[in-house]
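A.B. asks:
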Amino acid sequence: MAATDHPLKRLVSTCITEFASEELLALGQPALLALVGQTRVAQPAVILPAVVARLRAVADAELRGRLFTALLALLPVGEMIEMVERLLEDETGLFDSPYLRRIREEGALAVWRRIIVETVTSRFALPPDVLQQVQQALEMRSEETVLAQLFTVALHSASLAEFREALEQA
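Letter by letter, the sequence shown follows residues 1 to 170 in my numbering.
#1: Check this for me: beta carbons of residue 134 and residue 86, under 9 angstroms apart or not?
#2: For residue 141, which three-state DSSP category applies?
#3: Note down the Cα distance separating residue 154 from residue 140, rounded to an integer number of angstroms.
#4: Report the three-state DSSP secondary structure of residue 20 (helix, strand or coil).
#5: Using only alpha-carbon positions, find the residue among 80, 160, 166, 69 that is nearest to residue 46.
#6: Can you tell me where the alpha helix (DSSP H) with residue 48 in it begins and where it stops?
#7: For residue 108, which residues from the same chain have a beta carbon less than 8 angstroms from its beta carbon, with the 5 sequence-adjacent residues on both sides left out?
#8: Based on the DSSP output, what are the partners of residue 40 in its beta bridges?
#9: Answer yes if the region 31-43 comes into contact with the region 52-67, meaning at least three C-beta pairs across the two stretches below 8 angstroms, and no otherwise.
#10: Answer with buried or exposed for residue 39, where buried requires no fewer than 16 other C-beta atoms within 10 angstroms of its C-beta.
As structure tokens, then:
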């Protein structure tokens, strides 16, 4: 095989969607396996179990969790996602890795911030500059209990000034 024919060199010079999943699997690089959903997957029932098996062999639990997360995020078809999720059902601790816990926590905080902004916006006519100030102030709050209290204040405040005062004190 000529040096220019090496599969990894071909991957770099080819659009990933033109690459066959079998070729990606043959490279033997676990980090690249998360991209399998972006390749041409002719036989998902064969390829996906092989990818999951290879990723399970990654020794570092956090890296393994990140690779599985990336794999699931990059799979294009719900049927393929369900297949991989079924293959991972017995993966103990995978969906409770420190990385995924942090992602879930950040997501929960983002949801609180969004519903507070939506509540305040729907209750009070916020000029764009005030909206931006509220959003910035909420971004500085990183405790879910504080954001939950601010949501209650947003629901019950008699005025925007009352809400902003509570936001400043939180």
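Every residue, glycine too, gets a C-beta built ideally from N, C-alpha and C.
Values in this document were obtained by computation on a predicted structure and should not be read as measured data.
C.D. replies: If we stick to the structure as given:
#1: no
#2: Secondary structure at residue 141: coil, using DSSP grouped into helix, strand and coil.
#3: Answer to the nearest angstrom: the Cα atoms are 17 angstroms apart.
#4: Looking at residue 20 - three-state DSSP - the assignment turns out to be strand.
#5: 80
#6: 44-56
#7: 144
#8: 20
#9: Counting Cβ pairs under 8 angstroms, three or more are found: they touch.
#10: buried
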